[in-house]
Amino acid sequence: MTKLLFKFALRNLKGQGRYTLINLGGLTLGLLIFFVVILHVSQERSYDRFHKKAERIHRLTSATKERVAAIVPYTWGQAMKEEISAIENVVSFQNITIALTVKKGSEVLAQHGFVGVDSTFLDIFDFPVLQGGKKELLKQPDKMVITPAMATKYFGDENPVGKTLDVNLWGTYVTFEVEGVVRCPKNSHLQFNFLIPIEPVKRNFFSPTAFDSWTSHFAHTYFLMQGAVDKQQVERDMEAFLLRHGGPSLAHKYTPAIQPLKDIYLKSNIQFDFQPRGDHQQVLILLMVAFGILFMAIINFINISSAQSLGRLKETSLRKILGSRKRDFFLQFILESTLMALCATLLAILIFLLSHSFFNTFAGTSFTLPELFTGTHMAVAFLVGLFVGVLNGVYPALLLSSYKPISILRSRSGGKLKSGLIRKVLVILQFALAVVLLSSTGIIYRQVQYMIHKDLGFDKEQVIILGSAREVASDPTKMELFKTALSPYEWFHGVTASSSYPGDHEGQWSARYIPEGMTTEESVALWTIYADHDFVPTYELKLVKGRNFDRSIQSDSIGVLVNEAAIRQFSNADPKWSSDPLNRYLEQRGGLKSRVLGVLRDFHFESLKERLNPLVIQINAQNAFSIQLRLQTTNMAQSLETIEDSWKALFPEIPFGYSFLDQRYAEHFESDQRLGKILQIFTVLSIIIAALGLFGLATFLVHQKSREMSIRKLMGASEKQLTVMLSWDFLKLIVIANGIAVPVSYLLMRSWLNGFSFKNDPSLLVFALATVFTVAIALLTIGQQAYRTATVNPVNVLNKEQ
0 MTKLLFKFAL RNLKGQGRYT LINLGGLTLG LLIFFVVILH VSQERSYDRF HKKAERIHRL
60 TSATKERVAA IVPYTWGQAM KEEISAIENV VSFQNITIAL TVKKGSEVLA QHGFVGVDST
120 FLDIFDFPVL QGGKKELLKQ PDKMVITPAM ATKYFGDENP VGKTLDVNLW GTYVTFEVEG
180 VVRCPKNSHL QFNFLIPIEP VKRNFFSPTA FDSWTSHFAH TYFLMQGAVD KQQVERDMEA
240 FLLRHGGPSL AHKYTPAIQP LKDIYLKSNI QFDFQPRGDH QQVLILLMVA FGILFMAIIN
300 FINISSAQSL GRLKETSLRK ILGSRKRDFF LQFILESTLM ALCATLLAIL IFLLSHSFFN
360 TFAGTSFTLP ELFTGTHMAV AFLVGLFVGV LNGVYPALLL SSYKPISILR SRSGGKLKSG
420 LIRKVLVILQ FALAVVLLSS TGIIYRQVQY MIHKDLGFDK EQVIILGSAR EVASDPTKME
480 LFKTALSPYE WFHGVTASSS YPGDHEGQWS ARYIPEGMTT EESVALWTIY ADHDFVPTYE
540 LKLVKGRNFD RSIQSDSIGV LVNEAAIRQF SNADPKWSSD PLNRYLEQRG GLKSRVLGVL
600 RDFHFESLKE RLNPLVIQIN AQNAFSIQLR LQTTNMAQSL ETIEDSWKAL FPEIPFGYSF
660 LDQRYAEHFE SDQRLGKILQ IFTVLSIIIA ALGLFGLATF LVHQKSREMS IRKLMGASEK
720 QLTVMLSWDF LKLIVIANGI AVPVSYLLMR SWLNGFSFKN DPSLLVFALA TVFTVAIALL
780 TIGQQAYRTA TVNPVNVLNK EQ
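For the sequence shown, numbering that gives the first Met the number 0 gives the first residue as 0, with consecutive numbering after it.
And the structure:
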């Protein structure tokens, strides 16, 4: 019996060639998108789950009234472990965000990715150890652990264990012996190239007292909890801990909290976090899109199959009379749809395997063949295909098997389709999903373009960042030598040294101040850039009041510049700041009072997702880590070559490396650009799916109305009237779909845009264009079928019906 059903299924699929191809194409595209998204989401959700104790690992965070930070004072971690019983173990480490100079013999390189860690680092985290004994690693202050990539970079094919590297820690070279090789999986939120013990970092840190401070935030701290965590109780214990150790001033200033390790990559949006981060909202958007497009493909199949069932009513009725049972018809339709779905699954997998490199390039993903072609992934893919096949076949099977054979055989036309309302609802849902995708893609594109072209308050073009340059940046004499060497060139328009630059992900500083007119309890933590006298002219910042730093005025060395956002915040407590901000002071730690020399027009030194926060700029060469140069050149390559030659002539022992400010700033909305590109692909494919389904359905139903149209034509109806009449039945469904989709898309995109402090509100033009486009696609799809039917000779049609 099964063999017979299988033969019937193959015969029917082959006999309905056009509709089989339409269904197969739609299902293949729907499953392809579904598989791509599910794999991407599984990658995003896999972060940090390779740690065996991941469920018990939590990160300590600290919140003030201004912000939440992923860093805390180094002193907190160990002291909390000793006093809070829920904590089993602790590790604190410093993520060294600047490039350090590494010497191997005569070779000198600038290297990122150093992390100074406590000896418990590998006791808590389970990074795979490839060489060395895990229990012995990182226990001695002169040993280091490196990744396989660094082992190859510095030692080639040699065994790196036992070899040494000299690392410049804030001006002092420290020799480390490689004692192990550890792999850092790409699905770890914490990325590193070198793990070095924290002791030499403490000894050579540019701020010697930082490691003993209860308020200097710079250390990442993670706890291994005893077991299941009562989060609220642990956080209450931590608040009590701060009150015991620092009194009300410390306890009221900072609010500690813990964050599960598994939530950090996707659900963390706090300051001083590791980069890049995932986006939980984007994952949800992509999941909704994937299920929506798969649903569209299923709708296609159900609509076309239920419409086609009209042509099989006589066959079904005869088989019923000859003794076939309802179960037999049901199984046959399930078998047909399942065969179709499994073929579509196979095609979707094949297309994805062949095109994954294109998708990686276009959308910025990182799929690899070993990750894709696993037994688990293949099994899940075919199970999904099987489920879709069964789901596709249930409704047409129930519909067809419900007809009474006698009434069908007596009917001259072979019966009428009973599923009109359901079919219309499905068409509406299908096009509503397409419109939501189309308009959402348009809004995301407009927001990304808005961020690219928005006036940031400074000119980011042709600004070069020398990131591994602390030895020069922190030395005014060397900076002056470098500036003098470049001054003769017309394309050179300025150079500055600073602790961070606009768009800097990791080099931001925060310091606490007491503005004049406020009390110690009202002190505020403000973003602070430590720079030289040339920061303002190099970035072409605008002063709205006062003046820039002046080298000839010695007292300017303790003066500050503030932005308009700072004045607005200070004015809330003391209105005098609004009327006369100049010459008022900000009191810093230790009682130093810094006079306000000027007020800068607000500029976006952070991402456009962030509001314009208060900012202080002050002179402090010691804390400068990078150098930025402004150029105006038509030959960037030649200018960069000249800069490099000048650098090497002046500082041969210091590696030269550069990046572009506009590119670094663009990294802030890279994930949004990636989402937009992915949605562009999915939108095009969803419209193809919707158009294929509409074409198949329209072709079949217009054919079913050919007799009616012929009679109307003989009664005097024009070809235009018949075309409009046939098209209108479908077009009104598309109009209804737009009426549903536009408000849904608006609400979804408003929610997404709420993640940006500076945004381009949804435009009615986007929704209007989406509506016009879908109506145009529908007209092209339906109109040509309707016109073809309307222009057929009615006599020929009616003769065939005899």
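Where is the CB? At the ideal position from N, CA and C, for every residue including glycine.
Predicted model only: the values in this text are computed from it and were never measured.
Inter-residue Cα distance where the pair is residue i and residue j
i, j, result
"L763", "L285", "24 angstroms"
"L779", "T19", "21 angstroms"
"A740", "A767", "12 angstroms"
"D671", "K719", "47 angstroms"
"S105", "N192", "21 angstroms"
"V765", "N759", "12 angstroms"
"H39", "Q281", "11 angstroms"
"S187", "A68", "19 angstroms"
"A256", "S267", "13 angstroms"
"D211", "N634", "50 angstroms"
"L420", "G692", "17 angstroms"
"Y253", "L732", "57 angstroms"
"R235", "F126", "31 angstroms"
"G782", "T360", "38 angstroms"
"F372", "G29", "19 angstroms"
"G414", "F668", "For G414, the pLDDT reaches just 47, beneath the cut-off of 50, and the residue's location in the model is therefore unreliable, leaving the point undetermined."
"L747", "D644", "53 angstroms"
"L649", "H216", "35 angstroms"
"T537", "I626", "11 angstroms"
"A736", "I443", "21 angstroms"
"H111", "A150", "14 angstroms"
"K453", "S498", "25 angstroms"
"L368", "L353", "10 angstroms"
"K51", "G131", "19 angstroms"
"N571", "Y500", "28 angstroms"
"R411", "I297", "Annotation note: pLDDT 49 at R411 (below 50); position unreliable, no value reported."
"A227", "A565", "43 angstroms"
"Q507", "F92", "18 angstroms"
With 16 other Cβ atoms within 10 Å as the buried cut-off, status of residue i
i, result
"T495", "buried"
"Q274", "exposed"
"I86", "buried"
"D549", "exposed"
"G291", "buried"
"P199", "buried"
"A623", "buried"
"Y46", "buried"
"Y264", "buried"
"E524", "One point to set straight first is that residue 524 is Ala, not Glu, in the sequence displayed. A524 should be labelled buried."
"R749", "exposed"
"Q637", "exposed"
"D531", "buried"
Member of the options whose CA lies at the smallest distance from the CA of residue i
i, options, result
"I32", "R594, L293, P475 and Y449", "L293"
"R629", "D661, Q270 and A524", "D661"
"E238", "L525, L249 and T632", "L249"
"A777", "W727, R445 and F34", "W727"
"N391", "L23, G782 and I443", "L23"
"K366", "I528, I37 and A690", "Per the sequence shown, the amino acid found at residue 366 is Phe instead of Lys. If we check each option's Cα against that of F366, I37 comes out closest."
"R44", "N88, S84 and D278", "D278"
"N562", "V598, Q568, G545 and T364", "V598"
"T641", "K482, A736, M450 and I528", "K482"
"Y664", "M450, D573 and I348", "M450"
Residue i CB to nearest heavy atom of the ligand NAP below 7 angstroms
i, result
"H376", "Looking at this structure, you won't find the ligand NAP or any other ligand, since it has none at all."
Contained beta strand (DSSP E) runs [length at least 3] in the segment 570-646, N- to C-terminal order: Runs of the beta strand (DSSP E) inside the segment 570-646: 584-586, 592-599, 614-618 and 625-630.
Contained alpha helix (DSSP H) runs [length at least 4] in the segment 112-200, N- to C-terminal order: Qualifying alpha helix (DSSP H) stretches, in chain order: 120-123 and 147-154.
At least three beta-carbon pairs within less than 8 angstroms, the segment 457-476 to the segment 716-735: Below 8 angstroms, too few C-beta pairs join the segment 457-476 and the segment 716-735 to call them touching: fewer than three.
Ranges of the alpha helix (DSSP H) found wholly within the segment 509-555, counting only runs of at least 4: Entirely contained in the segment 509-555, the alpha helix (DSSP H) runs reaching 4 residues are, in chain order, 534-538.
Three or more C-beta pairs below 8 angstroms linking the segment 96-115 and the segment 456-475: Using a Cβ-Cβ distance cut-off of 8 angstroms, the segment 96-115 and the segment 456-475 are in contact, since at least three pairs of beta carbons, one from each stretch, lie closer than that value.
Sufficient close CB pairs (3 or more, under 8 angstroms) joining the segment 254-267 to the segment 643-660: With a cut-off of 8 angstroms, the segment 643-660 and the segment 254-267 do not count as touching, because too few Cβ pairs lie within range.
Any 3 or more C-beta pairs closer than 8 angstroms across the segment 435-453 and the segment 681-694: Three or more Cβ pairs drawn from the segment 435-453 and the segment 681-694 lie within less than 8 angstroms of each other, which places the two stretches in contact.
At least three beta-carbon pairs within less than 8 angstroms, the segment 69-88 to the segment 131-145: Flag = no, the segment 69-88 and the segment 131-145 do not touch.
3-residue-minimum beta strand (DSSP E) runs that sit fully inside the segment 9-88, ordered along the chain: List check, beta strand (DSSP E) in window: 56-62.
Three or more C-beta pairs below 8 angstroms linking the segment 457-464 and the segment 330-341: Below 8 angstroms, too few C-beta pairs join the segment 457-464 and the segment 330-341 to call them touching: fewer than three.
Sufficient close CB pairs (3 or more, under 8 angstroms) joining the segment 482-489 to the segment 569-583: The segment 482-489 vs the segment 569-583: no contact.
Segments of 3+ residues assigned as beta strand (DSSP E) that fall wholly inside the segment 322-391: Whole beta strand (DSSP E) segments, 3+ residues: zero.
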